[in-house]
Each structure stands twice: as structure tokens, then as C-alpha cells.
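Chemist: Heads up: the sequence lines are chains W and Z, in that order. The working numbering numbers the first residue of the first sequence as 2 and each following residue consecutively. The working numbering numbers the first residue of the second sequence as 2 and each following residue consecutively. Positions of the beta carbon are idealized from the N, C-alpha and C atoms, including for glycine. None of the values given here were measured: they were computed from a predicted structure. Encoded as C-alpha cells, here's the structure I'll be asking about.
2 protein chains.
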Amino acid sequence: MRSDHDDETKDPTATVRIVDIARMAGVSTATVDRVIHRRGKVSAGNLARINEVLERVHYRPNLIARSLASGRQYVVAVVTPRFAEGEYWADFEAGIQRAEAEARRFNVVVRRFGFDQYDRSSFERLLELLRRESFDAAVLATLFAERVVPFTGELDRRGIPYVFVDSDLPECRRMAYFGTSSFDAGVVAARLLFERMEAGADIVVGNIRHRGEGGSNQCRERERGFRDYLARHDFGGRLLDVELRLDDEACNARTLDDLFARHPSIAGAVTFNSTCYILAGYLASRRRSEVRLVGYDVIERNRRMLSEGIVTALVAQRPEVQGYRGVMSLCAWLVEGVRPASVNNLPIDILVKENIAYYTNNII
Amino acid sequence: MRSDHDDETKDPTATVRIVDIARMAGVSTATVDRVIHRRGKVSAGNLARINEVLERVHYRPNLIARSLASGRQYVVAVVTPRFAEGEYWADFEAGIQRAEAEARRFNVVVRRFGFDQYDRSSFERLLELLRRESFDAAVLATLFAERVVPFTGELDRRGIPYVFVDSDLPECRRMAYFGTSSFDAGVVAARLLFERMEAGADIVVGNIRHRGEGGSNQCRERERGFRDYLARHDFGGRLLDVELRLDDEACNARTLDDLFARHPSIAGAVTFNSTCYILAGYLASRRRSEVRLVGYDVIERNRRMLSEGIVTALVAQRPEVQGYRGVMSLCAWLVEGVRPASVNNLPIDILVKENIAYYTNNII
DNA sequence: ATCGCAAGTGTGTGCGCACACACTTGCGAT
DNA sequence: ATCGCAAGTGTGTGCGCACACACTTGCGAT
Chain W
2 MRSDHDDETK DPTATVRIVD IARMAGVSTA TVDRVIHRRG KVSAGNLARI
52 NEVLERVHYR PNLIARSLAS GRQYVVAVVT PRFAEGEYWA DFEAGIQRAE
102 AEARRFNVVV RRFGFDQYDR SSFERLLELL RRESFDAAVL ATLFAERVVP
152 FTGELDRRGI PYVFVDSDLP ECRRMAYFGT SSFDAGVVAA RLLFERMEAG
202 ADIVVGNIRH RGEGGSNQCR ERERGFRDYL ARHDFGGRLL DVELRLDDEA
252 CNARTLDDLF ARHPSIAGAV TFNSTCYILA GYLASRRRSE VRLVGYDVIE
302 RNRRMLSEGI VTALVAQRPE VQGYRGVMSL CAWLVEGVRP ASVNNLPIDI
352 LVKENIAYYT NNII
Chain Z
2 MRSDHDDETK DPTATVRIVD IARMAGVSTA TVDRVIHRRG KVSAGNLARI
52 NEVLERVHYR PNLIARSLAS GRQYVVAVVT PRFAEGEYWA DFEAGIQRAE
102 AEARRFNVVV RRFGFDQYDR SSFERLLELL RRESFDAAVL ATLFAERVVP
152 FTGELDRRGI PYVFVDSDLP ECRRMAYFGT SSFDAGVVAA RLLFERMEAG
202 ADIVVGNIRH RGEGGSNQCR ERERGFRDYL ARHDFGGRLL DVELRLDDEA
252 CNARTLDDLF ARHPSIAGAV TFNSTCYILA GYLASRRRSE VRLVGYDVIE
302 RNRRMLSEGI VTALVAQRPE VQGYRGVMSL CAWLVEGVRP ASVNNLPIDI
352 LVKENIAYYT NNII
């Protein structure tokens, strides 16, 4: 039996509700509501008193009740490349889907906006569409950095928060970034490739481009990290750049036959995007199993080449976690007003034949 | 303007509520509620009709509203070793805490029950306590397997679901397991240690025991996997078992000095629990940087030894994810009736100097 | 002197569901 | 013929909050 007036000495684990706040401050729940949601129209005295009470009792709104009562629905736009099954961005989508299922409970829905990652104009057209669309927050893949930057300026003006995935653009006012350090992902690849490699061995750097697009910001950063590692570890050999084609196996074979003929000391190879299966296919066909090969991303074709022992190691960046956390961070912001950490560098995973079986995209 | 009676042709995205079900089945919401919660006391005709409607419209209860209305609070017991800061189980606790914060929204609370992982009787006393405690589900660390097994029989009788973490005991009726394959974690360690090692090199196997306890089930499995890998890769050297002590550096140094003196061809070392920093400390003091050393778990002391280049690689098992998903899976079961996959083998992470900075326990 | 209006304030309703409680019906026992 | 009781069934309330709406107060303009 406790008296009714000692509101503040009661069970500290009991939840404090808006009605309790109202009673303590001597106002109605509507006035408390106005303060909580900064709707204005509250006298200075009441504002101060209510804020004081909110502070003192550490008021935590019941998000369940809030969500049920408000019915407010938020839309999170997800702007990423379209993909076919088994491609890199399919794993990303798996994370989005999981986030979508969880966020729905809080009246947050996801709308997807896809573009062709090999076609800049497709991205530009998408941005044009987004200018006319209405949404409350956005997850942006930063592949076309020079187009993303001005667009974020528009979002800033519209007051729409956004987070980046895939690679960071620190010059933008993004609420958060979820992804790996591309530079250090390059360092890791170098370590995996170079470890215990005899001095003077050469390394092939496979550049696989598409329709003449320049390499992505992310690939450039990885290559910087890679070269940085070599520079710090007295790598005595040469890096042999080679241009390969996405769809022309015969042409690639000729190019590589020629390269390997001219450089018999090649002991390793690397690609900085997710297409190392191309180099792997060549090495397998020529039975060059002594050549170490390191690439990026757990896409199906890379996975197979790794399992067969042709690829030495893959460096991966948890795309499903990027997708999941990208959406959920915005959900938390919209629903609870919780601001995420601004830079979230995800782990740079090392995958080899012996552990790849356990890296599947259904694990968040 | 749509007519009121065509309930089933209306907007398919509209949420179907209990009142809608009731109207379609020609009963009250209470009767629908009885069917949904299997409370009985419903005539066969109504039961069939309501179930038919539920099925047809794919009724999904609004968990938000359910949680708000029921006020039902579930208790998840978490039974794990006590720990000091920087120890392995502290990372596990980080995942528990994150899950706790999320689960609270659905009226699920976590109660922790700790034991001394080096003291079997402490675990037995805890089980005695748990027999008298009331909880709705449990997360169990399986360190003392032979004590866990009979206890789960009691839980089965009490109808309390439980999940395992750390290592699996497939013979129990656990609802799920979250953790790594200990066997394959041993395989991975062997791969990391043995890769490109000259044939005939010897490897030290450090056994660090505490108060005479036998090694854990998990450590034994890892060692099995390790030896299996070596057997399959014509390892020509010897495995040199050595007993080390947790608290006696001088004694360990004498033991190891003696071992290294007798076996000059030692090229590698491994431990199967999280105390490889002990071997690392020895190797650092003797400047044996050429000896490769592989161990388990990202605890603070191992992290330092890895960053300094003394430990070659660590194999890790995402304890924070084990804790998080262990709790959340039970939360989903209690609140939504969603049954988790029974075996959830988490990735076996490979950590080296170049990527360890990004493995921190605040990342789920 | 009255009116319009801005600034404040409170009441009441509903979000979808769970569940207490009251109630009806029909059958077997007396 | 009435009663007790089990089996069914429906009404009403509240979970904590958001917000529409009605209302009051006081001041400046006319």
C-alpha cells in the first residue's frame, strides 16, 4: 500500500506514462504531447515544467503504443543497382528484405529504386525520378559518386536524411555510412596474396571494365591500399596490369597467354572488383594452380572457384549487413529519433576454402 | 466508394483485423480470439469457419497491438559463464544487451544466470537454483555438456523451450543452436597455420587447463578438425603437446624453453581455446617471430598480440551474434510463434593484423 | 463595447488486440 | 419441473499514445 501522491518514490522499474507526466506537471496529456513532439503552443512556464519532469523521470515513450496510435507511415527509399540472382547486389537485397520485415512493425516501409550499375545515364534518370518522389529517408549506393554528391545537396535542402552504403563520400552530409574501408580491404588482399611469396615474383592485376566505364571509386581505393601494402613490405616484383573483358573468354585467354608467356615469374593475381572468377577460369583452364589469386565478394561464381581451390582467398564486405543496417538505422531515426554512428566500418572478412561454407547471406 | 460487403475484393494491402475476420465469419471478435489463441470453447462449426477465413485472408496479427494489449511479459533466462572485462564472454554479453534492448519492446525481459566456467560445482548449484526459478525460455551455454543434457530433460518436461550457444549438443531437444562448427573451426586453424609450411616442421599444441578441468567439448572438436586437416594434407612433422598454466609465466617459460631446445624444427604453434596470448607472450620474449601461431577468439590480449604481429591469425566465432540471435530467436518464438532454424552455424572468421581493427563487438 | 484572432489548453476517440466478465443454451440429474 | 453445469458466445474495457476538435483567455483593432 503506497500513498497516491508519492509518484516519484514508487517502483523505479514501473513505466512512466504520459498521463503520469501530465499529473506531475499539473497539465493535460495533450500539453505533454505538444512538448514531446515540439508542436509548440505551450506557455513558457508549462514548457519548462514539463521538460523538467520529463528529464527527471527519464521518460521513455512506449514505441509500441506510439506506433499503434499514430499510424504514421514512413517511407525509406533504397537506391541500389538492379541485379540478377547470384550477383553481388543480390546479397545486399537479402539484408534489405530482412530489415523490411522488421521495420514494417513500426510502420516503416521500404521502396526500392534500381539503376544499372554499368550505365551512368540510367542512374541520372533515376535521380530525375527521385526528385519528384516523396520519401522520408534514403539509403544510397554511392557507385556514381560525382552524381550522388549534388543529389545529396538536394536532399539536404528537402530535409531528407540519407545514409551511404558500399563506399563512403565523407564530403556529404550523410547521417551514416555502412560499409568497409576500401583502402584497408586492399591492404588485406595484398596480405593474403603476398604472404610468404618469394621476393621478385610478379603479380597480375586484372582490370575488368564494362562498356568503357572508369573503375569505381571503391576499386581505386582498394588498389591504393593494395599498393600501399606492397610498398611497405619490400615487394620486389612487378604489378602487371591487364585489361579483361566481361563477356569474351577467348579474347581474355589470348591476352593472358601472352602475358604469362612474357612473364614466367608470375606468382599471383588480383582483381579489385567482384569478377575474379574470370581470372580463375583462365588459371583453371591452363592448370596454373601455383598462381595465387585473390579477389572480392562472395558471389556464386567466386564461391565455386574458391571451393575448388582455384581462388586462394576472397575478401568480403558483408553486403547483407550493409543493407540491413542501412535501413534499420533510418528506421530507428524516424521512429525513435536515435541517431546512428556516422561511420560504421564493417569487418573485412577473409574467406578461404575451409570457411566459405558458413558465409551465407541469410546470416545477419 | 466501394460497397461494404465485398470484404474480400478490397485493397489487398489493407491490413485485415480481428473485427474483419469476425464479420466475415459471422461471429464476435472474442470467438475469433479464442480460435487464434487456441483457448478452446468454440463450436466445431465456428472453429472451422474461422480457420477457413484466417487461412484465406492470410491473417497476420498486429504484433504491436497484441503486445500493447496483452501486457504479457516473457522472461528469457540466459545461462552463461560470468566474466571479467576483456574476456571472451564479455563479447557475448554485448550481444545479449543489444537483444535485451530490442526485446523489451515486445515485453520480453532477460534474466542472467552466471556460473564459473572453471568450476563445475558452480554450474551445478546454478542448475539447482534454476529448478526453482520461473522463466519462459532459456539460452544455455553448453560448457558442462554432461550436466546440461539431464537439465534439458527437465526443461522438456516443464515445456520450456531453450537454445544452445557456444557448442551444440544435437542429442538434446533444443529449439536451435547458434555457434560455429567447432570441427571446421579446427580445420580453419590448421589451414592458417600449415599453409606453405615446409614439410617436416613441427607444431606445438598448447593445452591450457584450469584447476585440472578436462578440456571442453568445443576444444576437443576443434582439435579433431585440426588433426583431420593435417592428415589430409600430408603433414610430415609432429604435433608436440604441451601443458601450460594460466597463471605461471615462469613455469611456462621453462617448459617451452625445454621443448624448443629438444625440437629445433618447430615452425608453428596452436591453442584451441582463447588463451593463445600465453604462447604469444613466450614467443615474443624469446624473439621467435618465425614461429607461426594461431589461436581462437578476439579477446583483448589476443588482439594486442595479433596487432603486434606475434600471433599470425585468430579464428573467431562471433560471440556477440550468438548472444544476440540466441535471445532474439526465443523472443520471436514467444511473441510471434516463429520457430528458428534448428542449426545456425555462424561464420568462422579469420582475423589477421590487417583486418582485426574492424572486428569490434558492437557490430552485429 | 465588440470582434477577430493568436496563443494556449483539455476532452474524447481510436489504433488492433487480449481478456475479464456476463450471458445464453441445452442437457443430464434429481 | 427445476437445477446445476459445461459448452459456447458476445460486450466492454484498457494497454499508451497521437491527434482532431472544441474550448478559453487576453489582447489589439475597430
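#1: Kindly indicate which residue of Z:V295, Z:F261, Z:P265 has the alpha-carbon position closest to the one of Z:T276.
#2: Hey, is Z:R370's beta-carbon within less than 7 Å of any beta-carbon in chain W?
#3: For the alpha helix (DSSP H) that W:D350 lies in, which residues bound it at each end?
#4: Report the start-end ranges of each alpha helix (DSSP H) in the region 288–317 of chain W that is 4 residues or longer and not cut off at the edges.
#5: By the 10 Å Cβ neighbour count, where 16 or more other Cβ atoms means buried, how is Z:R304 classified, buried or exposed?
#6: W:R133 by DSSP, collapsed to three states: which one?
#7: Looking at the C-beta of W:I351, does it have a partner C-beta in chain Z at a distance below 7 Å?
#8: For Z:A26, count the other beta carbons within 10 Å of its own beta carbon; 16 or more makes it buried, fewer makes it exposed. Which is it?
#9: Count the other CB atoms, across all protein chains shown, that sit within 10 Å of the CB of W:G46; report buried if there are 16 or more and exposed otherwise.
#10: Find the nearest neighbour of Z:V111 within the set Z:R228, Z:F136, Z:L280, Z:V149, judged by alpha-carbon distance.
#11: Write down the C-beta distance between W:D229 and W:V188 rounded to the nearest angstrom, noting that I regard them as a contact closer than 8 Å.
#12: Per DSSP, Z:G180 is paired with what?
#13: Which bits of chain Z does W:R192 rub up against, with CB to CB less than 7 Å?
#14: If contacts are defined as beta-carbon pairs under 8 Å, then Z:V316 and Z:A186 qualify, I think. What distance do you get, rounded to the angstrom?
#15: Just list the alpha helix (DSSP H) runs in the region 41–117 of chain Z, keeping only unbroken ones of 4 residues or longer that don't cross its boundaries, in chain order.
#16: For Z:A66, would you say it is in contact with chain W, using Cβ-to-Cβ distances shorter than 7 Å as the test?
#17: At a CB-CB cut-off below 8 Å, which residues of chain W make contact with Z:R106?
#18: Here's the rule: buried if 16 or more other CB atoms are within 10 angstroms of the residue's CB, otherwise exposed. What is W:P151?
#19: I'd like to know whether the C-beta of Z:P82 is nearer than 7 Å to at least one C-beta of chain W.
#20: Apart from the five residues on each side of it in sequence, which residues of its chain come closer than 7 Å, Cβ to Cβ, to Z:L347?
#21: Helix, strand or coil for Z:R246 per DSSP?
#22: Using CA atoms only, rank isn't needed, just tell me which of Z:S290, Z:D235, Z:A85 is closest to Z:I300.
#23: In three-state terms, what does DSSP make of W:N208?
#24: Please report whether the beta-carbon of W:Y359 lies at a distance below 7 Å from any beta-carbon of chain Z.
#25: Excluding the 5 residues preceding and the 5 following W:S308 in the sequence, name in chain order all residues of the same chain whose CB lies nearer than 7 Å to its CB.
#26: In the DSSP output, what is W:L241 paired with across the bridge?
#27: On the criterion of 16 or more Cβ atoms from any shown chain inside 10 Å, does W:D258 qualify as buried, or is it exposed?
#28: Determine the closest residue to W:L335 out of W:T32, W:D21, W:Q118, W:Q74, with distance taken between C-alpha atoms.
#29: Does W:D21 have its Cβ less than 7 Å from a Cβ in chain Z?
#30: Using the beta-carbon count (16 or more within 10 Å), is W:D298 buried or exposed?
#31: What residue range is occupied by the uninterrupted beta strand (DSSP E) comprising W:Y163?
#32: Please decide whether Z:V77 counts as near chain W, where near means a Cβ-Cβ distance under 7 Å.
#33: According to the Cβ coordinates, are Z:F114 and Z:A138 closer than 7 Å?
#34: Under a CB-based cut-off of 7 Å, is Z:R319 close to chain W?
Modeler: Working from what's here:
#1: Z:V295
#2: Outside the shown range of chain Z, which is 2 to 365, sits residue 370 of chain Z, and nothing can be said about it.
#3: Careful: W:D350 lies outside any alpha helix (DSSP H), inside the beta strand (DSSP E) at 350–352.
#4: 301–308
#5: Residue burial annotation: Z:R304 is buried, with at least 16 other C-beta atoms found within 10 angstroms of its C-beta.
#6: helix
#7: With 7 Å as the cut-off, W:I351 counts as an interface residue toward chain Z.
#8: Buried, by the Cβ-count rule.
#9: exposed
#10: Z:F136
#11: 7 Å
#12: Z:N346
#13: V353, E355
#14: 5 Å
#15: 45–57, 64–71, 89–104
#16: yes
#17: L64, I65
#18: exposed
#19: no
#20: F179, G180, T181, Q318, R319, V322, Q323
#21: strand
#22: Z:A85
#23: strand
#24: yes
#25: K354, I357
#26: W:V205
#27: exposed
#28: W:Q74
#29: no
#30: buried
#31: 163–166
#32: no
#33: no
#34: no
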